[in-house]
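Numbering (the working numbering), first residue to last: 1 to 144. Ideal placement from N, C-alpha and C gives every residue a C-beta, glycine not left out. Small disclaimer: the values here were computed from a predicted structure and weren't measured. Structure first, commentary second.
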Amino acid sequence: MILPDVNVLVYAAREDVPDCARYRCWLEAALLGPEPVAMVAPVIAGFLRVVTNPRVFTHPSTLDDALAFVDAALAAPAAVAPALSERLTVTLAKVCHRAGATADRVPDAYLAAIALDLDAELVTADRGFARFEGLRRRHPFGPR
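Printed below as a string of C-alpha coordinates:
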(Lines of atoms letter the chains of each structure in order from A and count residues from 1; the text may use other names and numbers.)
(Lines give C-alpha, C1' and ligand atoms only; values in the text may rest on other atoms or scores of the structure.)
Protein backbone atom coordinates (compact mmCIF):
# COMPACT_ATOMS: atom_id res chain seq x y z
CA MET A 1 0.00 0.00 0.00
CA ILE A 2 1.19 3.51 -0.74
CA LEU A 3 0.16 6.65 1.09
CA PRO A 4 0.53 9.95 -0.77
CA ASP A 5 1.47 12.96 1.34
CA VAL A 6 -0.47 16.22 1.20
CA ASN A 7 2.24 17.81 -0.95
CA VAL A 8 1.92 15.16 -3.65
CA LEU A 9 -1.82 15.83 -3.97
CA VAL A 10 -1.30 19.61 -3.94
CA TYR A 11 1.40 19.44 -6.62
CA ALA A 12 -0.78 17.17 -8.76
CA ALA A 13 -3.84 19.41 -8.44
CA ARG A 14 -2.37 22.88 -8.86
CA GLU A 15 -1.31 23.74 -12.40
CA ASP A 16 0.58 26.78 -11.11
CA VAL A 17 3.01 24.55 -9.22
CA PRO A 18 6.29 23.56 -10.89
CA ASP A 19 6.25 19.94 -12.10
CA CYS A 20 2.45 19.74 -11.76
CA ALA A 21 2.24 17.59 -14.89
CA ARG A 22 4.80 15.11 -13.52
CA TYR A 23 3.03 14.86 -10.17
CA ARG A 24 -0.35 14.49 -11.84
CA CYS A 25 1.02 11.78 -14.13
CA TRP A 26 2.49 9.92 -11.13
CA LEU A 27 -0.75 10.18 -9.15
CA GLU A 28 -2.92 9.06 -12.07
CA ALA A 29 -0.63 6.08 -12.73
CA ALA A 30 -0.68 5.14 -9.04
CA LEU A 31 -4.46 5.40 -8.86
CA LEU A 32 -4.77 3.12 -11.88
CA GLY A 33 -2.03 0.74 -10.76
CA PRO A 34 -2.04 -2.59 -8.97
CA GLU A 35 -1.03 -1.31 -5.53
CA PRO A 36 -3.66 0.17 -3.19
CA VAL A 37 -3.37 3.94 -2.71
CA ALA A 38 -4.46 4.97 0.79
CA MET A 39 -6.52 8.14 0.82
CA VAL A 40 -6.78 9.00 4.51
CA ALA A 41 -8.85 11.79 6.03
CA PRO A 42 -5.92 13.75 7.52
CA VAL A 43 -4.24 13.97 4.09
CA ILE A 44 -7.49 14.94 2.39
CA ALA A 45 -8.15 17.62 5.02
CA GLY A 46 -4.59 18.92 4.66
CA PHE A 47 -4.97 19.06 0.89
CA LEU A 48 -8.22 21.05 1.22
CA ARG A 49 -6.60 23.40 3.75
CA VAL A 50 -3.64 24.17 1.48
CA VAL A 51 -5.25 24.47 -1.96
CA THR A 52 -8.11 26.70 -0.78
CA ASN A 53 -5.85 29.00 1.25
CA PRO A 54 -5.39 32.52 -0.18
CA ARG A 55 -2.21 32.92 1.89
CA VAL A 56 -0.68 30.00 -0.01
CA PHE A 57 -2.00 30.67 -3.52
CA THR A 58 -2.80 34.03 -5.12
CA HIS A 59 -5.77 32.33 -6.77
CA PRO A 60 -6.71 29.46 -4.45
CA SER A 61 -8.81 26.55 -5.60
CA THR A 62 -12.50 26.79 -4.93
CA LEU A 63 -13.81 24.33 -2.40
CA ASP A 64 -15.89 22.68 -5.13
CA ASP A 65 -12.86 22.24 -7.39
CA ALA A 66 -10.76 20.86 -4.53
CA LEU A 67 -13.51 18.44 -3.52
CA ALA A 68 -13.94 17.35 -7.14
CA PHE A 69 -10.22 16.50 -7.25
CA VAL A 70 -10.59 14.44 -4.06
CA ASP A 71 -13.74 12.71 -5.35
CA ALA A 72 -11.99 11.77 -8.60
CA ALA A 73 -9.05 10.32 -6.67
CA LEU A 74 -11.34 8.37 -4.35
CA ALA A 75 -13.25 6.95 -7.32
CA ALA A 76 -10.08 5.56 -8.93
CA PRO A 77 -9.64 1.78 -9.04
CA ALA A 78 -6.62 1.61 -6.69
CA ALA A 79 -7.92 4.14 -4.15
CA VAL A 80 -8.79 2.84 -0.72
CA ALA A 81 -9.98 4.72 2.34
CA PRO A 82 -8.64 2.58 5.18
CA ALA A 83 -9.96 3.00 8.69
CA LEU A 84 -7.42 4.28 11.16
CA SER A 85 -6.57 1.77 13.87
CA GLU A 86 -7.28 1.96 17.57
CA ARG A 87 -3.53 1.66 18.22
CA LEU A 88 -2.74 4.82 16.25
CA THR A 89 -2.44 6.97 19.39
CA VAL A 90 0.17 4.59 20.80
CA THR A 91 2.05 4.57 17.49
CA LEU A 92 1.91 8.38 17.35
CA ALA A 93 3.35 8.66 20.86
CA LYS A 94 6.23 6.32 19.92
CA VAL A 95 6.93 8.19 16.69
CA CYS A 96 6.90 11.57 18.46
CA HIS A 97 9.22 10.35 21.24
CA ARG A 98 11.71 8.71 18.88
CA ALA A 99 11.90 11.72 16.57
CA GLY A 100 11.54 14.38 19.25
CA ALA A 101 8.52 15.63 17.32
CA THR A 102 6.66 18.46 19.02
CA ALA A 103 4.78 21.54 17.86
CA ASP A 104 4.91 21.94 14.06
CA ARG A 105 6.46 18.49 13.60
CA VAL A 106 3.45 16.68 15.09
CA PRO A 107 1.37 16.68 11.86
CA ASP A 108 4.22 14.94 10.01
CA ALA A 109 4.63 12.54 12.93
CA TYR A 110 0.91 11.79 12.72
CA LEU A 111 1.17 10.97 9.02
CA ALA A 112 4.24 8.83 9.70
CA ALA A 113 2.30 6.97 12.41
CA ILE A 114 -0.58 6.37 10.00
CA ALA A 115 1.81 4.99 7.38
CA LEU A 116 3.46 2.73 9.95
CA ASP A 117 0.09 1.47 11.22
CA LEU A 118 -1.07 0.75 7.67
CA ASP A 119 2.31 -0.78 6.74
CA ALA A 120 2.24 1.69 3.86
CA GLU A 121 5.04 3.41 2.00
CA LEU A 122 4.74 7.18 2.29
CA VAL A 123 5.18 8.96 -1.03
CA THR A 124 6.29 12.52 -0.38
CA ALA A 125 8.41 15.37 -1.68
CA ASP A 126 9.28 16.31 1.91
CA ARG A 127 12.75 15.13 2.97
CA GLY A 128 11.87 15.89 6.59
CA PHE A 129 10.18 12.51 6.92
CA ALA A 130 13.67 10.96 7.11
CA ARG A 131 13.61 11.73 10.85
CA PHE A 132 10.97 9.05 11.46
CA GLU A 133 12.60 5.72 12.24
CA GLY A 134 11.20 2.70 10.44
CA LEU A 135 9.10 4.73 8.00
CA ARG A 136 9.25 3.49 4.43
CA ARG A 137 9.19 6.53 2.19
CA ARG A 138 10.15 7.67 -1.27
CA HIS A 139 9.84 10.61 -3.62
CA PRO A 140 7.25 10.05 -6.37
CA PHE A 141 9.94 10.44 -9.03
CA GLY A 142 12.52 8.36 -7.17
CA PRO A 143 13.34 4.67 -7.47
CA ARG A 144 10.91 2.13 -6.10
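- Rounded to the nearest angstrom, the Cβ distance from Ala76 to Leu9 is 13 angstroms, too far for a contact under 8 angstroms.
- Per the DSSP secondary-structure output, Ala78 pairs with nothing in a beta bridge.
- At a Cβ-Cβ threshold of 7 angstroms, Ala113 and Leu135 do not count as neighbours.
- Within the DSSP secondary-structure output, Glu28 pairs in no beta bridge.
- Closest option to Ala81, judged by alpha-carbon separation, among Leu118, Phe47, Ala109: Leu118.
- At a Cβ-Cβ threshold of 7 angstroms, Val43 and Val50 do not count as neighbours.
- Counting along the chain, Pro4 sits inside the beta strand (DSSP E) bounded by residues 2 to 4.
- Here Phe69 really is in contact with Ala13; their C-beta atoms are around 5 angstroms apart, less than 8 angstroms.
- When C-alpha distances from Glu28 are compared across Tyr11, Ala41, Asp16, Val40, the shortest belongs to Tyr11.
- Looking at the backbone, the Cα of Val37 and that of Thr58 are separated by about 30 angstroms.
- Taken in chain order, the whole alpha helix (DSSP H) runs of length 4 or more contained in the region 93 to 143 are 106 to 118.
- Here Phe141 has no same chain residue with a Cβ atom under 6 angstroms from its own Cβ, once five neighbours each way along the sequence are excluded.
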